[in-house]
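Written below as structure tokens is the structure these notes are about.
2 protein chains.
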Amino acid sequence: MSSSCEFESLEKTLESHIPEAELAEVRRILFGKETQKLELPLCAVESAAQRDFELKGFGFRASVEQLRPPRVLRVGLVQHHSVLPTDAPVQEQISAMHRRVGEMAEVAAMCGVNILCFQETWTMPFAFCTREKEPWTEFAESAEDGQTTRFCQELARKHNMVVVSPILEREELSDTLWNTAVVVSNSGNVMGKTRKNHIPRVGDFNESTYYMEGNMGHTVFQTQFGRIAVNICYGRHHPLNWFMFSLNGAEIIFNPSATVGALSEPMWPIEARNAAIANHCFTCAINRVGTEHFKSEFTSGDGKKAHHDFGHFYGSSYVAAPDGSRTPGLSRTRDGLLVVEMDLNLNRQISDKWSFKMTGRYAEYAELLTRAAAPDFKPKIVKE
Amino acid sequence: MSSSCEFESLEKTLESHIPEAELAEVRRILFGKETQKLELPLCAVESAAQRDFELKGFGFRASVEQLRPPRVLRVGLVQHHSVLPTDAPVQEQISAMHRRVGEMAEVAAMCGVNILCFQETWTMPFAFCTREKEPWTEFAESAEDGQTTRFCQELARKHNMVVVSPILEREELSDTLWNTAVVVSNSGNVMGKTRKNHIPRVGDFNESTYYMEGNMGHTVFQTQFGRIAVNICYGRHHPLNWFMFSLNGAEIIFNPSATVGALSEPMWPIEARNAAIANHCFTCAINRVGTEHFKSEFTSGDGKKAHHDFGHFYGSSYVAAPDGSRTPGLSRTRDGLLVVEMDLNLNRQISDKWSFKMTGRYAEYAELLTRAAAPDFKPKIVKE
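As given, the protein sequences belong to chains D and U, one line each in that order. Quick note on numbering: the UniProt record's numbering labels position 337 of the first sequence as 337, and the sequence is numbered without any gaps. Quick note on numbering: the UniProt record's numbering labels position 210 of the second sequence as 210, and the sequence is numbered without any gaps.
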């Protein structure tokens with residue numbers, strides 16, 4: 001496991017060993033049509049270095065059309081460690097996370113980012129592995145006017161940026177908890193929220209003991225820069241979830257996540273990218289980094305001894321495009337900001353080329369799925 | 001383009017340049033949990049070398065259970081060139097393909113293969129790019145008693161093997177054409193057939209001018225070795241298609257294909273593998289190899305000059321497992337047989353671990369999809 005924590009990134013290893021002539025082919029097969037490296041402003045590069053986080057920029061191109069102007073925007077993906085130890089006072093942990101992400105957002109603003117998205121439950125350690133309720137539920141806040149939403153509203157106004165802020169939400173009147181993403185317009189207004197539609201029961205992901213499946217469907221947010229949606233973490237394993245966001249008009253689907261190496265790493269480059277291909281849209285996969293240690297020991301339901309950490313969150317945030325291409329990933333180990341320029345016109349261009357939505361036979365699948373979901377479903381199995 | 005034809009395989013390039021210590025991590029991230037190399041019998045290795053095709057063998061392991069015995073079987077995937085020039089007489093082309101695939105099937109038998117699957121429309125060049133009907137529709141045969149089905153029945157009986165034979169089908173009475181896969185039991189009986197559910201309208205894939213969308217749904221075949229289904233070619237871009245085969249009980253889904261480098265290669269490792277992950281099953285992606293030249297020139301709807309070939313079919317056949325791991329691919333350039341041993345118990349073990357089908361909320365999606373497929377669907381879009 002230690003070697004897998006230290007391994008910095010697939011991309012770096014490929015670049016340092018494979019000769020240039022073959023590297024182009026390797027990249028084409030692994031990552032698709034090459035993304036352009038973005039020239040980022042010197043002040044941003046210097047700030048990122050000073051503040052000790054990785055900064056990378058890439059761009060996807062679309063063809064120039066006659067009747068539609070390009071619809072170019074920049075998204076920013078933020079991945080980071082839990083700043084303070086998990087046993088620091090709750091308010092101090094939250095404030096430290098605000099400060100860290102605030103300085104990363106400032107660099108995003110220097111890079112001209114229009115929509116910035118943070119990782120899942122970004123203000124807290126991913127403490128659901130412990131199955132303790134105290135003090136972790138204290139990190140839950142109101143989506144509409146909690147301190148984190150107010151913090152994001154300030155960021156949004158200051159930088160003229162849409163901010164997608166995934167938090168642990170508490171509905172004040174009912175005391176219900178949710179895993180939620182708040183969408184703040186670049187005007188600073190809260191546009192709304194969306195909730196995690198699928199809740200894992202896997203390994204140390206004991207989230208179903210904290211909150212239930214989302215009840216807000218597949219809302220899409222029409223921002224000034226494009227139509228966005230948020231598919232939180234485990235929802236990426238469910239193709240129907242991505243699909244329904246797309247059918248509701250999403251042009252970019254963010255997937256803020258928290259996931260560890262031993263469990264899911266080989267699936268990570270596959271699922272969000274498959275969703276971009278299948279739905280003719282952009283997808284943005286974001287994962288936290290680092291290993292979070294908890295004071296109380298806990299077991300993982302795998303017959304192994306009790307321990308104090310969940311494993312290594314491997315970062316590797318990336319953006320995938322509808323043509324099957326993707327950016328390189330951020331590091332597996334460091335805080336990072338990925339700035340990606342995209343022209344949303346690419347979505348329709350690829351749709352016109354591949355036509356998955358036109359060849360999808362959706363009305364027939366609606367009937368098939370209705371039958372298959374019924375308790376008396378008879379599978380169509382041929383025997384000899 | 002020429003360099004991309006010559007590039008033999010991603011796996012080979014990685015192995016020849018990346019130091020052993022890092023290679024293990026690269027492989028883990030790219031391919032998941034390592035597959036075992038299969039010891040194949042010397043006679044098979046020698047026959048493959050003599051007959052000039054690549055032979056590779058890998059195995060996926062499952063845990064030993066107390067109440068279920070292991071359900072171990074071997075599948076074989078065959079990828080090959082069109083043997084004769086495309087202007088050779090039709091019967092000679094078919095016979096040459098039978099001979100070639102027959103000798104590969106013999107090696108598969110030596111390797112203990114239980115289910116053997118060929119590439120899409122394996123008895124013919126992929127001539128649909130020409131938009132000519134003559135002589136290509138002459139390659140169409142009866143699924144029940146055409147010469148190719150009879151050939152496969154002999155193979156099946158001789159080698160005690162299930163044979164999946166994707167052909168261009170002609171329904172004799174109506175003269176209708178279909179893109180079909182015939183499933184022949186290891187007893188030699190035709191178990192049935194299944195048809196390509198989604199037809200491309202992409203680049204040189206003019207197939208919609210030859211045959212229509214399949215009308216046979218998502219049949220699953222209960223063979224002696226396991227429940228199998230066939231998702232033909234372009235159906236791999238449609239997550240709902242894989243999903244419905246899985247809901248009907250498929251444990252292994254074959255994806256016989258014909259696809260070219262410039263268009264789809266970066267999607268190739270993603271889609272079948274995503275389907276294995278999302279549906280807790282094995283998927284087998286098979287693509288032909290080589291460049292097929294046609295006497296008549298044709299254009300590709302891309303503003304470029306008329307030409308005589310479709311581009312390079314890049315092979316790279318592989319098998320993906322429900323745990324997100326996959327085998328290395330066959331070569332991009334050579335005929336090949338991939339022998340893969342799998343224990344079907346892995347499907348349920350991974351389902352019990354990840355529970356995608358239990359957390360999938362299918363009844364709700366059936367309603368959502370029914371609404372979304374209706375012409376008066378109102379997307380759920382929030383504006384400021």
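We put the CB at the ideal spot given by N, CA and C, even for glycine.
Same chain only: Cβ atoms within 8 angstroms of residue i, ignoring 5 sequence neighbours per side
i	result
U:Arg28	Glu34
D:Pro41	Met110 and Cys111
U:Glu297	Ala306, His307 and His308
U:Ser187	Ala156 and Arg157
D:Asp302	Gly203
D:Pro39	The sequence shown places Glu at residue 39 of chain D, not Pro. Hits under 8 angstroms: Gly57.
U:His293	Pro85, Thr86, His308 and Asp309
Residue i burial status per 10 Å Cβ neighbour count (16 or more: buried)
i	result
D:Asn215	exposed
D:Asn160	exposed
U:Pro269	buried
D:Pro322	buried
U:Val64	exposed
D:Met267	buried
U:Asn189	exposed
U:Pro69	exposed
D:Thr194	buried
U:Ile115	buried
D:Asn304	Here the sequence assigns Lys to residue 304 of chain D, which means Asn is not the residue at that position. Exposed.
U:Arg61	buried
U:Ala49	exposed
D:Thr176	exposed
U:Ala140	buried
U:Gln66	exposed
D:Phe243	buried
D:Phe245	buried
Contact set between residue i and chain D, taken where Cβ atoms lie within less than 9 angstroms
i	result
U:Gly192	Val382
U:Leu10	Glu25, Val26, Ile29 and Leu30
U:Glu171	Neighbours of U:Glu171 on chain D: none; closest Cβ ~19 angstroms, over 9 angstroms.
Where residue i meets chain D, residues with beta-carbon distance less than 8 angstroms
i	result
U:Gly360	His198, His238 and Leu240
U:Glu22	Phe7, Thr13 and His17
U:Gly217	Leu368 and Lys380
U:Arg227	Ile381
Contact set between residue i and chain D, taken where Cβ atoms lie within less than 7 angstroms
i	result
U:Ala366	Ala366, Leu369, Thr370 and Ala373
U:Val162	Those within 7 angstroms of U:Val162 in chain D number zero; the least Cβ separation is about 10 angstroms.
U:Gln66	Those within 7 angstroms of U:Gln66 in chain D number zero; the least Cβ separation is about 15 angstroms.
Nonlocal neighbours in the same chain, by C-beta distance under 6 angstroms from residue i, ignoring five residues either side
i	result
D:Met191	Val183, Ser185 and Phe221
D:Arg273	Ala320 and Arg326
U:Cys152	Val163, Ser165 and Val184
D:Ser16	none
D:Tyr314	Gly261, Glu265 and Arg332
D:Pro375	none
U:Gly146	none
Listed by chain order, chain U residues near residue i by CB distance under 7 angstroms
i	result
D:Phe353	It should be noted that the sequence gives Lys, not Phe, for residue 353 of chain D. Going along chain U in sequence order, the residues near D:Lys353 (Cβ under 7 angstroms) are Val202.
D:Arg273	Ile270
D:Asn248	Pro379, Lys380 and Ile381
Interface partners of residue i on chain U, CB under 9 angstroms
i	result
D:Ala143	Per Cβ cutoff of 9 angstroms: no residues; D:Ala143 is ~13 angstroms from chain U at best.
D:Met244	Tyr365, Leu368, Leu369 and Ala372
D:Asn189	Glu384
Sequence-distant residues of its chain with Cβ nearer than 7 angstroms to residue i (five each side left out)
i	result
U:Leu84	Glu92, Gln93 and Ala96
U:Ile350	His280, Pro322 and Asp323
U:Val107	Ala44, Ser47, Ala48, Leu55 and Leu337
Neighbour list for residue i in chain U, Cβ cutoff strictly below 8 angstroms
i	result
D:Val220	Pro379, Lys380, Ile381 and Val382
Please confirm if the segment 351–366 of chain U is in contact with the segment 80–93 of chain U, defined as three or more CB-CB distances below 8 angstroms between the two stretches.
no
Would you call the segment 273–290 of chain U and the segment 50–62 of chain D in contact, with 3 or more CB pairs under 8 angstroms?
no
With a floor of 4 residues, list each alpha helix (DSSP H) that falls wholly inside the segment 317–372 of chain U, ordered by position along the chain.
345–354 and 362–372
Could you pull out every unbroken beta strand (DSSP E) segment of at least 3 residues lying fully inside the segment 57–116 of chain U, listed in chain order?
72–79
To test your reading of the DSSP string, which unbroken beta strand (DSSP E) runs of 3 or more residues are found completely within the segment 263–315 of chain U?
282–287, 289–298 and 307–314
Contact between the segment 128–135 of chain U and the segment 149–164 of chain U (3+ Cβ pairs under 8 angstroms)
no
Three Cβ pairs or more, each shorter than 8 angstroms: is that satisfied between the segment 313–331 of chain U and the segment 271–281 of chain U?
yes
With three or more beta-carbon pairs closer than 8 angstroms as the criterion, would you say the segment 374–384 of chain D touches the segment 239–255 of chain U?
yes
Any contact of the segment 190–210 of chain D with the segment 110–130 of chain D, i.e. 3+ C-beta pairs under 8 angstroms?
yes
Note down, one range per segment and in chain order, each alpha helix (DSSP H) of at least 4 residues found wholly within the segment 206–258 of chain U.
239–247
Could you check whether the segment 221–231 of chain D touches the segment 339–353 of chain U, counting it as contact only if at least three pairs of C-beta atoms, one from each stretch, sit closer than 8 angstroms?
no
Continuous beta strand (DSSP E) assignments of at least 3 residues falling wholly in the segment 106–173 of chain D:
115–117 and 162–170
Would the segment 227–241 of chain U count as touching the segment 331–339 of chain U if we require 3 or more Cβ pairs under 8 angstroms?
no
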